[in-house]
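A.B. asks: Taken in order, the sequence shown gives residues 1468 to 1844; the numbers are from this note's numbering. Sending over a structure as C-alpha cells; questions will come in a sec.
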Amino acid sequence: MRLGALDGLRGLAAVGVVVLHVWMFVQGDGGRPERTAADVLISQLRLGVPLFFVLSGFLIFRPFAAAALDRRPGPALVPYAMRRIARIVPAYWIAILGAAALLAWVEHPRAISVGQLPSFLLFLQNYDAATLGRVNPPSWTVAVEVSFYVVVPLIGLAAARAVRALPSRARRRVLALVCLAMVVAGAALFSVAKLNEWPKTMVYTLPVQLSAFAAGMLVAVLVHDRRTGVRATLPLAAVGVLLVLADGWWHGQTAGPLILRQLGNDLPATTGFSLLVAAIALGPLPGSQVLARGPLEYLGRISFGLYLWHFPMIYLLRASDRFPTTLLAAICLTLALSLTLAMLSWHLVERPVLERTRGIIARRRRARARVPAVAGD
C-alpha cells in the first residue's frame, strides 16, 4: 500500500533543506552576528535529514518486516537491487557529473579532480577527508542511504530466521526490541562520536547515523497489519510534532554546553518523526490528504532531484554574482532554478528509468512463472 502523504512529507523536508542552505550562504555573506527568532527557526530545518532517514527506514524495511512477521519469503534480492539502483543511481550520477563540471568551469575551491570522481560515483566520498563535502556537500546523506540499502536485506534475512519459530505476537515483540536496540545503539554511538570529536569521515557513516533509520524500521514492525481511527492517530501525530518542535527549540538555544544539545543525534525529533509516520500509516489522519494529493504529492516525487540540484544552483548563482543578498529573494531564485531541474530530472530521467525497470522486473516474473508450465507440457 502506497502512503502518498509520506511523499508530501518528504517534499516539504527537501524544501526545508534548500531554505536552510540558502540561509547559511546569506548569513555568511552578511556576517550578521545576532540571531533573530527567524534565524533560529530556519536553522532547525536541518531536521529534514533525520526525517529523510526515518522515512527510508520505514519504507525500505517495511516489506522485509512484513515477510518476517507473516512467515513468508522476503523480497527477491535481484528486483530489490534493481529498484534501488534505478531510483538512485541515474539521477545521482547526472547531478554529480553536472556539479563537478560546473565547479571545474568556475574554478570553485570545492571542485574535484578526475581521479576523485569515482569516489562520488561509487558513494564512497564520506570515507575520505579529501572528498567529503566537495562538489555537492548534501550528497553525504545519499552515500549513507545507499549503505542502508545494502544492509537491509541482510537484516531482513537475519530477522526472519530469528523469529521464524515464534508465535505471532512474540515475532513482533522480538523484532521491535531488535529495532529499538538499534535506535539506542546508534544514538549512543553518535554521542560517543561527538564527545570524542570523531572526524566527519566517521560521523557521516551508517553506524553513527543508524538511530533514525532504525526508528523507521521500528515503525514498520509496529504498524504492520494494523489500522486505527482518528482518536488514536491524531494524538500520536500531535505528540510527534511537539517532540520535533522541542528538539528544534533545544538545539536553537545558545546557553549551556553545545555538547549537551548534540547528544543522541536528535533522538527527540527522530522519535517525533517516527510517531508522525506511524500516525499516517495506521489510519486516517486529519490533514494528511493535503500531503497525499496535488502539489505536495508531486513535490515529494521530485524531491530527490530538488535535493541533488539545489547546491549546484547556489554555486552557479554565486559564481555568476547573481546570488541575491536578501533571504527571500535568494530562496525564491534558488527554488525556482532547483525545482526546474528537479522536474526535468523526474520526467526525463527518474520516472522513465523506474518505469523501464518495473517492466523488466515484471517480464522476469512472468518468465519465471511460465517455467513450471512449460516443463510440465
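Yeah, the Cβ is synthetic: ideal placement off N, Cα and C, and Gly gets one too.
Give me the residue from Val1744, Gly1719 and Ser1635 with the minimum Cα distance to Leu1685.
C.D. replies: The residue given as residue 1685 occupies position 218 in the sequence shown. Selected option, being the one with the closest Cα: Val1744.
A.B. asks: Using beta-carbon positions only, say whether Leu1588 and Trp1607 come within less than 7 angstroms of one another.
C.D. replies: Walking along the sequence shown from the start, residue 1588 turns up at place 121. Walking along the sequence shown from the start, residue 1607 turns up at place 140. Their beta carbons are not under 7 angstroms apart, which means Leu1588 does not touch Trp1607 by this criterion.
A.B. asks: Assuming Val1757 contacts Leu1766 (C-beta within less than 8 angstroms), just tell me the rounded distance between them.
C.D. replies: Walking along the sequence shown from the start, residue 1757 turns up at place 290. Walking along the sequence shown from the start, residue 1766 turns up at place 299. Going by Cβ atoms, the distance from Val1757 to Leu1766 rounds to 12 angstroms, so no, they are not a contact pair.
A.B. asks: With a cut-off of 8 angstroms, do at least 3 Cβ pairs link the segment 1766 to 1779 to the segment 1805 to 1814?
C.D. replies: Short answer: they touch.
A.B. asks: Between Arg1550, Tyr1594 and Pro1779, which lies nearest to Arg1823 when the distance is taken from Cα to Cα?
C.D. replies: In the sequence shown, residue 1823 corresponds to position 356, counting from 1. Measuring from the Cα of Arg1823, the nearest candidate turns out to be Arg1550.
A.B. asks: Pick helix, strand or coil for Val1841, following the three-state DSSP scheme.
C.D. replies: On the sequence shown, residue 1841 is found 374 positions in, with the first residue counted as 1. For Val1841, the predicted structure reports a pLDDT of 48, less than 50, and the residue's modelled location is therefore unreliable. A value from the coordinates is still provided. Three-state result, Val1841: helix.
A.B. asks: Out of curiosity, what's the CA-to-CA distance linking Leu1797 and Phe1492?
C.D. replies: In the sequence shown, residue 1797 corresponds to position 330, counting from 1. In the sequence shown, residue 1492 corresponds to position 25, counting from 1. Leu is not the amino acid found at residue 1797; the sequence shown has Ala there. For Ala1797 and Phe1492, the distance between alpha carbons rounds to 9 angstroms.
A.B. asks: If distances are taken between C-alpha atoms only, which option among Ile1828, His1488 and Leu1752 comes closest to Arg1694?
C.D. replies: The sequence position of residue 1694 within the sequence shown is 227, counting from 1. Out of Ile1828, His1488 and Leu1752, Leu1752 has the C-alpha closest to the C-alpha of Arg1694.
A.B. asks: Under the rule that 16 or more other beta-carbon atoms within 10 Å means buried, what is Glu1612, buried or exposed?
C.D. replies: Start at 1 with the first residue of the sequence shown, and residue 1612 comes out as number 145. Its Cβ being crowded by 16 or more others within 10 Å, Glu1612 is buried.
A.B. asks: Can at least three beta-carbon pairs, one atom from the segment 1536 to 1548 and one from the segment 1709 to 1720, be found at a separation below 8 angstroms?
C.D. replies: Counting Cβ pairs under 8 angstroms, fewer than three are found: no touch.
A.B. asks: Ends of the alpha helix (DSSP H) at Gly1582?
C.D. replies: The residue labelled residue 1582 in the question sits at position 115 within the sequence shown. Segment: none, Gly1582 is in no alpha helix (DSSP H) and carries neither H nor E.
A.B. asks: Buried or exposed for Leu1621, going by 16 or more other Cβ atoms inside 10 Å?
C.D. replies: Counted from its first residue, the sequence shown places residue 1621 at position 154. By the 10 Å Cβ count, Leu1621 comes out exposed.
A.B. asks: In its own chain, which residues sit with a C-beta less than 7 angstroms from the C-beta of Gly1719, not counting the 5 before and 5 after it?
C.D. replies: Taking the sequence shown and counting its residues from 1, the one referred to as residue 1719 is at position 252. Counting only Cβ-Cβ distances below 7 angstroms, and skipping sequence neighbours, we find Val1507, Ser1510 and Gln1511.
A.B. asks: Do three or more CB pairs link the segment 1473 to 1491 to the segment 1514 to 1521 at distances below 8 angstroms?
C.D. replies: Counting Cβ pairs under 8 angstroms, three or more are found: they touch.
A.B. asks: Determine the closest residue to Ala1687 out of Arg1529, Gly1475 and Leu1794, with distance taken between C-alpha atoms.
C.D. replies: Start at 1 with the first residue of the sequence shown, and residue 1687 comes out as number 220. Ala1687 has its Cα closest to that of Arg1529, out of Arg1529, Gly1475 and Leu1794.
A.B. asks: What separation, rounded to the nearest whole angstrom, lies between the Cα atoms of Ser1678 and Leu1526?
C.D. replies: As a working note, residue 1678 is residue 211 in the sequence shown. As a working note, residue 1526 is residue 59 in the sequence shown. Answer to the nearest angstrom: the Cα atoms are 15 angstroms apart.
A.B. asks: My guess is that Ala1535 and Val1659 are in contact by the Cβ rule of under 8 angstroms, so how many angstroms apart are they, rounded?
C.D. replies: As a working note, residue 1535 is residue 68 in the sequence shown. As a working note, residue 1659 is residue 192 in the sequence shown. About 30 angstroms; that fails the 8 angstroms criterion.
A.B. asks: Are Val1521 and Ser1787 close, meaning C-beta to C-beta below 7 angstroms?
C.D. replies: Position 54 of the sequence shown holds residue 1521. Position 320 of the sequence shown holds residue 1787. No, Cβ-Cβ distance for Val1521 and Ser1787 is not below 7 angstroms.
A.B. asks: Measuring straight from C-alpha to C-alpha, what distance separates His1575 and Leu1783?
C.D. replies: Indexing the sequence shown from 1 puts residue 1575 at position 108. Indexing the sequence shown from 1 puts residue 1783 at position 316. Rounded to the nearest angstrom, the two C-alpha atoms are 10 angstroms apart.
A.B. asks: Is it right to say Arg1601 is buried, meaning 16 or more other beta carbons lie within 10 angstroms of its own, or is it exposed?
C.D. replies: Here residue 1601 refers to the residue found at position 134 when the sequence shown is read from its first residue. That one is buried.
A.B. asks: Which residues in the same chain as Pro1542 place their Cβ atom closer than 8 angstroms to its Cβ, once the five residues preceding and following it in sequence are excluded?
C.D. replies: Numbered from 1 along the sequence shown, position 75 holds the residue referred to as residue 1542. Pro1530, Phe1531, Ala1534, Pro1620 and Gly1623, listed in sequence order.
A.B. asks: Rounded to a whole number of angstroms, what is the C-alpha to C-alpha distance between Gly1843 and Arg1825?
C.D. replies: Looking up residue 1843 in the sequence shown gives position 376. Looking up residue 1825 in the sequence shown gives position 358. Its pLDDT being 47, under 50, Gly1843 is placed unreliably in this model, and the coordinates cannot settle the point.
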